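> Take this structure first; my questions come after.
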Amino acid sequence: MMNRNSLTPEECAVWDIVRDRPGPENAIRQKVLAQMLHIPVREIRMITLSLDEKKYPVATTTRPPYGVYRIETLQQRNEYVASLKSRAIETLYRARLVEALEFDQKQMRLF
Numbered sequence: 115m116m117n118r119n120s121l122t123p124e125e126c127a128v129w130d131i132v133r134d135r136p137g138p139e140n141a142i143r144q145k146v147l148a149q150m151l152h153i154p155v156r157e158i159r160m161i162t163l164s165l166d167e168k169k170y171p172v173a174t175t176t177r178p179p180y181g182v183y184r185i186e187t188l189q190q191r192n193e194y195v196a197s198l199k200s201r202a203i204e205t206l207y208r209a210r211l212v213e214a215l216e217f218d219q220k221q222m223r224l225f
């Protein structure tokens with residue numbers, strides 16, 4: 115359950131903007147959010163993660179317009195979850211490929 119009292123001032127500021135951006139078609143770019151709030155883009159990413167953890171319906175897009183939006187429907191939630199799972203699988207696959215690189219222990223170099 116969303117409890118505004120549990121939010122930091124920065125989280126409140128992000129939520130106040132994102133809640134008026136329903137659906138991926140209304141996403142606001144993280145860079146724009148960062149400029150509006152005078153905080154680094156990396157902090158915007160951390161804030162959106164924190165809002166997720168606090169059960170705020172916030173998502174990021176993977177297609178243009180890239181940015182942050184408020185999840186408004188079950189379909190949007192399901193599409194976002196599918197996107198997150200797909201990215202996680204791709205990341206794990208790439209990690210496996212890198213782990214499989216042959217490494218010369220004496221030279222400390224890749225072959």
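For the sequence shown, this note's numbering begins at 115 and goes up steadily by one. Positions of the beta carbon are idealized from the N, C-alpha and C atoms, including for glycine. Since we're looking at a predicted model, the values are computed, not measured.
1) Classify Tyr183 as helix, strand or coil using the three-state DSSP reduction.
2) Taking one C-beta from the stretch 184 to 195 and one from the stretch 147 to 166 each time, how about it: are there three or more such pairs within less than 8 Å?
3) Is Ala148 helix, strand or coil when you go by DSSP?
4) Is it the case that the Cβ atoms of Pro123 and Thr175 are separated by a distance below 8 Å?
5) Might you give, ordered along the chain, the residues of its own chain that have their beta carbon closer than 7 Å to the beta carbon of Ser164, omitting 5 neighbours on each side?
6) Helix, strand or coil for Thr162, going by three-state DSSP, please let me know.
7) Leaving aside the five residues before and after Ala148 along the sequence, list all residues of the same chain whose C-beta is less than 8 Å from its C-beta, in chain order.
8) Determine, using beta carbons only, whether Asn140 and Tyr183 come nearer to each other than 8 Å.
9) Go ahead and label Leu215 buried or exposed: buried means 16 or more other beta carbons lie within 10 angstroms of its beta carbon, across all protein chains shown.
10) Going by DSSP, name the residue or residues bridged to Ile142.
So, from the listed chains and residues:
1) Working through the sequence shown from its first residue, we reach residue 183 at position 69. If DSSP states are grouped into helix, strand and coil, Tyr183 belongs with the strands.
2) no
3) In the sequence shown, residue 148 corresponds to position 34, counting from 1. DSSP, reduced to helix, strand and coil, places Ala148 within a helical segment of the structure shown.
4) Indexing the sequence shown from 1 puts residue 123 at position 9. Indexing the sequence shown from 1 puts residue 175 at position 61. Cβ atoms of Pro123 and Thr175: not closer than 8 Å.
5) Here residue 164 corresponds to residue number 50 of the sequence shown, with the count starting at 1. Taken in chain order, the residues that qualify are Glu125.
6) As a working note, residue 162 is residue 48 in the sequence shown. Of the three classes helix, strand and coil, the one that applies to Thr162 here is helix, per DSSP.
7) Start at 1 with the first residue of the sequence shown, and residue 148 comes out as number 34. Hits under 8 Å: Pro154, Val155, Glu157, Ile158.
8) Here residue 140 refers to the residue found at position 26 of the sequence shown. Here residue 183 refers to the residue found at position 69 of the sequence shown. For Asn140 and Tyr183, yes; Cβs fall inside 8 Å.
9) Here residue 215 refers to the residue found at position 101 when the sequence shown is read from its first residue. Label assigned to Leu215: exposed.
10) Counting from 1 along the sequence shown, the entry for residue 142 is found at position 28. For Ile142, which the question treats as bridged, DSSP gives the partners Val182.
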